[in-house]
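Participant:
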Amino acid sequence: MSLDQAFQFVMSALWAVLIFVGVLQLAGLMTWVERKLSAMIQDRIGPNRANIRLGKYNLTLIGLIHIMCDPVKLFTKEDFVPEGANKALHTLAPVIGLVIPFIVFCVIPFAGPMKIKYRDIPSAELCPLVHYLERDVNMAADVPMGTRWSMPAKDMWLIGPLFNPDKNAYAGDLPYIGHKFQRKTVYSRDLSPMYRLFPGDALHLSDYTLKFVVADLEVGMLFVFAIGTLAVYSVILAGWASNNKYSFLGAMRGASQMISYEVALGITAVGVFMIYGGVSLAEVVQRQGDLLWGVVPKWGIVTQPLAFLLLFTCGMAEIKRVPFDLPEGESEIIAGYFTEYSSTKFTMFMFAEFVEMIVLSATITTLFLGGWQIPWIDAQGYHLLGWAGAWADTGIGETLGANGVGLLIMVLQAGKFTITLLVVLYLIFMMRWTYPRFRYDQIMRMGWKMVLPLALANVVVTGVVLAFTRGFV
Amino acid sequence: MGGPRHKNMTWPERLYFIELLKGLLITLRHFWVNVIGFLPLVGKMVKPETVTYQWPEEERPISPRWRGKHRLNKREDGTVKCVACMCCATACPSECIHIVAGERGDGVDEKMPVSFEIDLFRCVFCGMCVEACPLNAILMDTMDMRFCKYEPDDFIINKEQLLDW
Numbered sequence: 001m002s003l004d005q006a007f008q009f010v011m012s013a014l015w016a017v018l019i020f021v022g023v024l025q026l027a028g029l030m031t032w033v034e035r036k037l038s039a040m041i042q043d044r045i046g047p048n049r050a051n052i053r054l055g056k057y058n059l060t061l062i063g064l065i066h067i068m069c070d071p072v073k074l075f076t077k078e079d080f081v082p083e084g085a086n087k088a089l090h091t092l093a094p095v096i097g098l099v100i101p102f103i104v105f106c107v108i109p110f111a112g113p114m115k116i117k118y119r120d121i122p123s124a125e126l127c128p129l130v131h132y133l134e135r136d137v138n139m140a141a142d143v144p145m146g147t148r149w150s151m152p153a154k155d156m157w158l159i160g161p162l163f164n165p166d167k168n169a170y171a172g173d174l175p176y177i178g179h180k181f182q183r184k185t186v187y188s189r190d191l192s193p194m195y196r197l198f199p200g201d202a203l204h205l206s207d208y209t210l211k212f213v214v215a216d217l218e219v220g221m222l223f224v225f226a227i228g229t230l231a232v233y234s235v236i237l238a239g240w241a242s243n244n245k246y247s248f249l250g251a252m253r254g255a256s257q258m259i260s261y262e263v264a265l266g267i268t269a270v271g272v273f274m275i276y277g278g279v280s281l282a283e284v285v286q287r288q289g290d291l292l293w294g295v296v297p298k299w300g301i302v303t304q305p306l307a308f309l310l311l312f313t314c315g316m317a318e319i320k321r322v323p324f325d326l327p328e329g330e331s332e333i334i335a336g337y338f339t340e341y342s343s344t345k346f347t348m349f350m351f352a353e354f355v356e357m358i359v360l361s362a363t364i365t366t367l368f369l370g371g372w373q374i375p376w377i378d379a380q381g382y383h384l385l386g387w388a389g390a391w392a393d394t395g396i397g398e399t400l401g402a403n404g405v406g407l408l409i410m411v412l413q414a415g416k417f418t419i420t421l422l423v424v425l426y427l428i429f430m431m432r433w434t435y436p437r438f439r440y441d442q443i444m445r446m447g448w449k450m451v452l453p454l455a456l457a458n459v460v461v462t463g464v465v466l467a468f469t470r471g472f473v
Numbered sequence: 474m475g476g477p478r479h480k481n482m483t484w485p486e487r488l489y490f491i492e493l494l495k496g497l498l499i500t501l502r503h504f505w506v507n508v509i510g511f512l513p514l515v516g517k518m519v520k521p522e523t524v525t526y527q528w529p530e531e532e533r534p535i536s537p538r539w540r541g542k543h544r545l546n547k548r549e550d551g552t553v554k555c556v557a558c559m560c561c562a563t564a565c566p567s568e569c570i571h572i573v574a575g576e577r578g579d580g581v582d583e584k585m586p587v588s589f590e591i592d593l594f595r596c597v598f599c600g601m602c603v604e605a606c607p608l609n610a611i612l613m614d615t616m617d618m619r620f621c622k623y624e625p626d627d628f629i630i631n632k633e634q635l636l637d638w
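Here the protein sequences come in this chain order: A and B. Per my numbering, the very first residue in the first sequence carries number 1; after that it's consecutive. Per my numbering, the very first residue in the second sequence carries number 474; after that it's consecutive.
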């Protein structure tokens, strides 16, 4: 593993933490959005009673305090496992349900690749504050006699006075080794931990491309489908392990619905892959930055409008969101597959639904709404019809420098991705409070007799159009 | 989605998708009118469509015909108007009015209730006692809907409580 790879690994881990924390926060906030938004739609006020008193002020924060009360209520309830239930599977099901959507989010790029033009940093310089090493001098037998222990004077003020009052220990020859019990603190840039891990290597920041995705997989969308399908295990296991007829019925409904729409979901996305020539999400998003006739951004919603509608529908069915919430139905099968869940496990199911919604909107954003692509603006410059130029030639480029512009564009792209994601999320919320739910046979008929043939037709028409217009558009 | 039941639908309606969009527009309108209406400053221009009363901070106006907790009417001199004719107790379908009649003694009238108890747990608030009263002595217009008590016996209200309004 080279230092560059290690750096990318560390950055990926950082993005993973960022996404995990960010998505969880958003999911927590969505419990509030769900209530307040439904209240606004139905001409109600919504939650506004939970409050914090600060002196004479009574903070309700338009109902935001409720999302702090919810976990307290949910986590302090009894964690109930019904008699005769398979306890291991009963516990495993919500865990699977919550973990799967997070894994799917790994392959979704949330900002464009950022080109860094800095300088190559040798591994020894990477730990400016840690590149001293305390050890017994008489144990430093692997250091040949006469090695010069050097520390540049500019670093000395940082750690010299703090850690070692003995100024003679550095900036000089190796102290006399023969004395058995002599103990000195020595400093060496060569003995810094990063140098020990990657001797002679350097971080090539003079020409480095930083990717803003946890795992930049070539199989991209296939990974999303493959992992996303595993969510059906959560439903089936929950229904089976609960030892409850209603749970099992709900699980059966959920499984059949998810598997039915899985077929159409995959075929719908094929049209997008045909247009952009690959299943890698990085590539799909990159190609969506192109312009049609120099004006219209070549987003998926422009090139594949039908696929957008179909994938939206299939996605909603896939995450069992209203109007496709057949697996749960109070009047028929109680809460469906999570009838027998309470406390923390129920919270996990609830959160899994919200996280799945976020992942669905991220997928739709990536495939159809340009992902992180801002129309007419990219890392190099701006271009719209005849009006085009590079950032380097403008005042922005001169003020910020190449790296500054890269950072600015990255922040803008991440912001665009987030806003688009939130807009799609809002649409999903609006649909939940607009449409009445389907009957079971209606869902099946729609999945197999409407969505699937339309998806297939979409693939055929896309293929024909591509064959005739290749080279023109 | 086809089928005989949808024969009288036009084809844009049968396309299903356009109707979905129309429905979405309705909810979107409600949402934004309410959200913008609740913003300060802007709220004066767009009125939110919510009709919620923020009880208990905000009282809902009560209709004058509203029937609630009873009271006993008084004469001009402040004494009880009731003459213990038992009309209300006879008319009461849930038998919740218990009157013990006695001599009045002050010459204003012959009889008066010595004790007048209403069991609010039994009362169905039908208002028949008010209709039956020949003197307009029992009324249900206290407009008091917040009589919460900790003990069940406190819901049997006596003459003093009925006169205290």
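We put the CB at the ideal spot given by N, CA and C, even for glycine.
What does the Cβ neighbour count give for A:Gly371, buried or exposed, with the cut at 16 atoms within 10 Å?
Facilitator: For the purposes of this step, residue 371 of chain A is taken as the residue at position 371 of the first sequence. Under this definition A:Gly371 is a buried residue.
Participant: Enumerate in chain order the residues of its own chain whose CB-to-CB distance from A:Ile19 is below 6 Å, with the five nearest sequence positions on each side excluded.
Facilitator: Residue mapping note: residue 19 of chain A aligns to position 19 of the first sequence, counting from 1. Answer for A:Ile19: Phe105, listed in chain order.
Participant: Hey, is A:Trp433's beta-carbon within less than 8 Å of any beta-carbon in chain B?
Facilitator: Indexing the first sequence from 1 puts residue 433 of chain A at position 433. At least one chain B Cβ lies under 8 Å of A:Trp433.
Participant: Is B:Val508 close to chain A, meaning its C-beta is less than 8 Å from at least one C-beta of that chain?
Facilitator: What you label residue 508 of chain B is simply residue 35 of the second sequence in a count that begins at 1. True, the Cβ-Cβ gap to chain A drops below 8 Å.
Participant: Can you list, in chain order, the residues of its chain whose CB lies under 8 Å from that of B:Ser588, leaving out five sequence neighbours each side?
Facilitator: For this step, residue 588 of chain B is matched to residue 115 along the second sequence. Same-chain partners within the cutoff: His571, Ile572, Val573, Asn631, Lys632.
Participant: Excluding sequence positions up to five away, which residues of its chain have a Cβ less than 8 Å from the Cβ of B:Thr440?
Facilitator: Residue 440 of chain B falls outside the range modelled here, since chain B spans only 474 to 638, and no answer is possible.
Participant: Under 8 Å, do A:Lys87 and A:Val81 count as touching if we go by C-beta distance?
Facilitator: Residue mapping note: residue 87 of chain A aligns to position 87 of the first sequence, counting from 1. Residue mapping note: residue 81 of chain A aligns to position 81 of the first sequence, counting from 1. Taking 8 Å as the Cβ cut-off, A:Lys87 and A:Val81 qualify as a contacting pair.
Participant: Please report how far the alpha carbon of B:Cys565 lies from the alpha carbon of B:Pro586, in whole angstroms.
Facilitator: Here residue 565 of chain B refers to the residue found at position 92 of the second sequence. Here residue 586 of chain B refers to the residue found at position 113 of the second sequence. Approximately 17 Å between the Cα atoms of the pair.
Participant: Under the DSSP definition of a beta bridge, which residues are partnered with A:Thr209?
Facilitator: Taking the first sequence and counting its residues from 1, one reaches residue 209 of chain A at position 209. Answer is A:Lys115, bridged to A:Thr209.
Participant: First and last residue of the beta strand (DSSP E) that includes A:Ile121?
Facilitator: For this step, residue 121 of chain A is matched to residue 121 along the first sequence. Run containing A:Ile121: 120-122, per the beta strand (DSSP E) assignment.
Participant: What number of angstroms, rounded off, separates the C-alpha of B:Leu636 from the C-alpha of A:Ile67?
Facilitator: Counting from one through the second sequence, the residue named residue 636 of chain B turns up at place 163. Counting from one through the first sequence, the residue named residue 67 of chain A turns up at place 67. Answer to the nearest angstrom: the Cα atoms are 48 Å apart.
Participant: Can you pull the chain A residues whose beta carbon is under 8 Å from the beta carbon of B:Val524, in chain order?
Facilitator: As a first step, residue 524 of chain B is located in the second sequence; it is residue number 51 there, counting from the start. Here the neighbours are Asp43.
Participant: Taking CB distances under 8 Å as the criterion, tell me whether A:Met40 reaches chain B.
Facilitator: Translated into the one-based positions of the first sequence, residue 40 of chain A becomes position 40. Yes, A:Met40 lies at the interface with chain B (some Cβ there is under 8 Å from its Cβ).
Participant: Compare the C-beta of A:Met357 against all C-beta atoms of chain B and say whether one is closer than 8 Å.
Facilitator: Here residue 357 of chain A corresponds to residue number 357 of the first sequence, with the count starting at 1. Cβ-Cβ to chain B under 8 Å: no for A:Met357.
Participant: What does B:Arg501 reach in chain A if we use C-beta pairs closer than 9 Å?
Facilitator: As a position in the second sequence, residue 501 of chain B is number 28, starting the count at 1. Residue 501 of chain B is actually Leu in this sequence, not Arg. Result: Ile41, Met430, Thr434.
Participant: Counting only Cβ-Cβ distances shorter than 8 Å, please list the residues of the stretch 21-38 of chain A near chain B, keeping chain order.
Facilitator: Answer in chain order: Leu37.
Participant: What does DSSP give as the partner residues of A:Ala202 in its beta bridges?
Facilitator: For the purposes of this step, residue 202 of chain A is taken as the residue at position 202 of the first sequence. A:Ala202 pairs with A:Pro122.
Participant: Do the CB positions of A:Ile236 and A:Leu456 come within less than 8 Å of each other?
Facilitator: On the first sequence, residue 236 of chain A is found 236 positions in, with the first residue counted as 1. On the first sequence, residue 456 of chain A is found 456 positions in, with the first residue counted as 1. No, Cβ-Cβ distance for A:Ile236 and A:Leu456 is not below 8 Å.
Participant: As a quick exercise: from B:Asp627, B:Glu522, B:Pro513, B:Pro537, pick the residue whose alpha carbon is nearest that of A:Ile41.
Facilitator: Within the first sequence, residue 41 of chain A is the residue found at index 41, counting from 1. Closest by alpha carbon: B:Glu522.
Participant: Here's the rule: buried if 16 or more other CB atoms are within 10 angstroms of the residue's CB, otherwise exposed. What is A:Leu281?
Facilitator: Position 281 of the first sequence holds residue 281 of chain A. Its Cβ being crowded by 16 or more others within 10 Å, A:Leu281 is buried.
Participant: Kindly indicate if chain A contains any beta-carbon less than 8 Å away from that of B:Leu497.
Facilitator: Numbered from 1 along the second sequence, position 24 holds the residue referred to as residue 497 of chain B. Judged by the 8 Å Cβ criterion, B:Leu497 is in contact with chain A.
Participant: Consider the Cβ of B:Phe589: report whether some Cβ of chain A lies at a distance smaller than 8 Å.
Facilitator: Within the second sequence, residue 589 of chain B is the residue found at index 116, counting from 1. False, the Cβ-Cβ gap to chain A never drops below 8 Å.
Participant: What does B:Leu493 reach in chain A if we use C-beta pairs closer than 9 Å?
Facilitator: Numbered from 1 along the second sequence, position 20 holds the residue referred to as residue 493 of chain B. Those are Met431, Thr434, Tyr435, listed as they occur along chain A.
Participant: Are A:Val263 and A:Leu367 touching if we call contact CB-CB under 8 Å?
Facilitator: As a first step, residue 263 of chain A must be located in the first sequence, where it is residue number 263. As a first step, residue 367 of chain A must be located in the first sequence, where it is residue number 367. No, these two residues do not count as a Cβ contact at 8 Å.
Participant: Does any C-beta atom of chain A lie closer than 8 Å to the C-beta of B:Phe628?
Facilitator: Taking the first residue of the second sequence as position 1, residue 628 of chain B is located at position 155. Closer than 8 Å: no.
Participant: Any idea which residues DSSP pairs A:Tyr382 with across the strands?
Facilitator: Taking the first sequence and counting its residues from 1, one reaches residue 382 of chain A at position 382. Note: A:Tyr382 sits in a beta bridge opposite A:Ile377, A:Gly389.
Participant: Please confirm if B:Phe598 has its CB atom under 8 Å from at least one CB of chain A.
Facilitator: As a working note, residue 598 of chain B is residue 125 in the second sequence. Judged by the 8 Å Cβ criterion, B:Phe598 is not in contact with chain A.
Participant: With C-beta atoms as the reference, is A:Phe417 less than 8 Å away from A:Thr365?
Facilitator: Taking the first sequence and counting its residues from 1, one reaches residue 417 of chain A at position 417. Taking the first sequence and counting its residues from 1, one reaches residue 365 of chain A at position 365. Yes, they are a contact pair.
Participant: Can you list the alpha helix (DSSP H) stretches of 4 or more residues lying completely in the stretch 489-542 of chain B, in chain order?
Facilitator: Whole alpha helix (DSSP H) segments, 4+ residues: 490-511.
Participant: Return the chain-ordered list of same chain residues with a C-beta closer than 7 Å to the C-beta of A:Cys314, the five sequence neighbours on each side being excluded.
Facilitator: As a position in the first sequence, residue 314 of chain A is number 314, starting the count at 1. The answer, listed in chain order, is Tyr261, Ala264, Leu265, Thr268, Val451.
Participant: Where does A:Phe80 fall in DSSP's three states?
Facilitator: For the purposes of this step, residue 80 of chain A is taken as the residue at position 80 of the first sequence. Note: A:Phe80 maps to coil in three-state DSSP.
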